[in-house]
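Asks:
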Amino acid sequence: GAVVSQHPSRVICKSGTSVKIECRSLDFQATTMFWYRQFPKQSLMLMATSNEGSKATYEQGVEKDKFLINHASLTLSTLTVTSAHPEDSSFYICSARLAGTGELFFGEGSRLTVL
Amino acid sequence: AQRVTQPEKLLSVFKGAPVELKCNYSYSGSPELFWYVQYSRQRLQLLLRHISRESIKGFTADLNKGETSFHLKKPFAQEEDSAMYYCALSWGGGNKLTFGTGTQLKVEL
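Chains as they are written, first to last, in our numbering: chain A, 85 to 199; chain B, 538 to 646.
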């Protein structure tokens with residue numbers, strides 16, 4: 085089956101620094117990828133839709149200047165958390181849509197801890 | 538706005554017992570619903586979708602528009618069914634998913 089990989093799986097950073105998380109579709113091309121955020125014991129919340137070659141579309145309440153998304157190729161989307169603060173600590177998950185079936189495949193997630 | 542509700546955070550059943558994981562939704566459009574499963578230390582994966590009307594690993598789910606429900610059922614639970622189950626609603630032209638809060642299923646011996 086299709087595989088989506090995220091890197092890093094865990095990252096710890098200091099408050100005020102920026103962190104980049106990568107999402108790759110390993111064996112298929114994805115024109116659309118999605119970024120979610122999951123707080124402990126809560127559901128996945130859609131943050132934004134990443135579109136290859138164009139600007140990402142953000143869900144209401146998500147700061148686009150805070151969470152920069154770049155989808156420069158058909159197999160890679162990146163999420164950069166800028167000037168991270170402790171409240172940005174969370175589990176970030178990406179998914180990629182497989183053309184044809186439209187099925188979504190999820191990455192393993194990236195746990196961000198901001199000190 | 539669309540919403541997915543899973544009322545049970547934890548469901549514990551004995552092996553061989555029937556399982557029903559509840560899911561209710563609210564959506565003004567025509568719903569497309571899914572069940573996703575996350576086994577321990579693994580990523581989220583699709584279990585089944587209502588349009589397929591299929592049975593996966595013995596699980597079935599029927600969309601009931603009158604009750605706005607999409608409950609997941611299995612007649613005989615197995616130990617390997619222990620996992621986190623998320624109900625999800627597709628919207629935005631099929632591009633976006635809204636997830637429920639998830640139900641942890643624990644199958645005991």
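Cβ atoms here follow ideal geometry from the backbone N, Cα and C, with glycine treated the same way.
Could you tell me the alpha carbon to alpha carbon distance between PHE571(B) and LYS104(A), rounded to whole angstroms?
Replies: Their Cα atoms are separated by approximately 30 angstroms.
Asks: Kindly indicate which three-state DSSP category SER565(B) falls into: helix, strand or coil?
Replies: Note: SER565(B) maps to coil in three-state DSSP.
Asks: How would you list, in chain order, the residues of chain B whose beta-carbon sits under 7 angstroms from the beta-carbon of GLY191(A)?
Replies: Neighbours of GLY191(A) on chain B, chain order: ARG580.
Asks: Measuring straight from C-alpha to C-alpha, what distance separates GLN539(B) and VAL95(A)?
Replies: Those two C-alpha atoms are separated by around 33 angstroms.
Asks: Going by C-alpha distance, which of ASP618(B), GLY637(B), GLY629(B) is nearest ALA554(B)?
Replies: Comparing Cα-Cα distances from ALA554(B) to each of ASP618(B), GLY637(B), GLY629(B), the minimum goes to ASP618(B).
Asks: Look at the alpha carbon of ASN154(A) and the alpha carbon of GLU171(A), and state the distance between them as a whole number of angstroms.
Replies: One C-alpha to the other measures close to 22 angstroms.
Asks: Please compile the residues from chain A whose C-beta is within a distance smaller than 9 angstroms of the C-beta of LYS633(B).
Replies: PHE118, LEU130, THR133, GLU143, listed in chain order.
Asks: What's the gap between the Cα of LEU558(B) and the Cα of GLY193(A)?
Replies: Rounded to the nearest angstrom, the two C-alpha atoms are 25 angstroms apart.
Asks: Between the region 560-570 of chain B and the region 174-182 of chain A, are three or more C-beta pairs nearer than 8 angstroms?
Replies: Verdict: no, contact absent.
Asks: In chain A, what lies closer than 7 angstroms to PHE636(B) by C-beta?
Replies: In chain order: SER127, LEU128.
Asks: Looking at VAL556(B): is its Cβ nearer than 7 angstroms to the Cβ of LEU626(B)?
Replies: Going by C-beta atoms, VAL556(B) is not nearer than 7 angstroms to LEU626(B).
Asks: Mind checking whether GLY639(B) and MET621(B) have CB atoms under 7 angstroms apart?
Replies: Yes.
Asks: Return the residue from the list ALA86(A), CYS107(A), SER102(A), LYS98(A) that minimises the CA-CA distance to PRO92(A).
Replies: Cα-wise, what sits closest to PRO92(A) is CYS107(A).
Asks: On a CA-only basis, which of TYR562(B), GLN575(B), ASN561(B), CYS560(B) is nearest LYS643(B)? Give me that one, please.
Replies: Nearest of TYR562(B), GLN575(B), ASN561(B), CYS560(B) to LYS643(B), Cα basis: GLN575(B).
Asks: Please classify GLY100(A): is it buried, with 16 or more other beta-carbons within 10 angstroms of its beta-carbon, or exposed?
Replies: Exposed, by the Cβ-count rule.
Asks: So, with DSSP's three-state summary, where would you put HIS608(B)?
Replies: HIS608(B) falls in the coil class under three-state DSSP.
Asks: Given PHE123(A), which residues of its chain have a CB within under 7 angstroms of its CB, disregarding the five upstream and five downstream residues?
Replies: Only SER174 meet the Cβ criterion.
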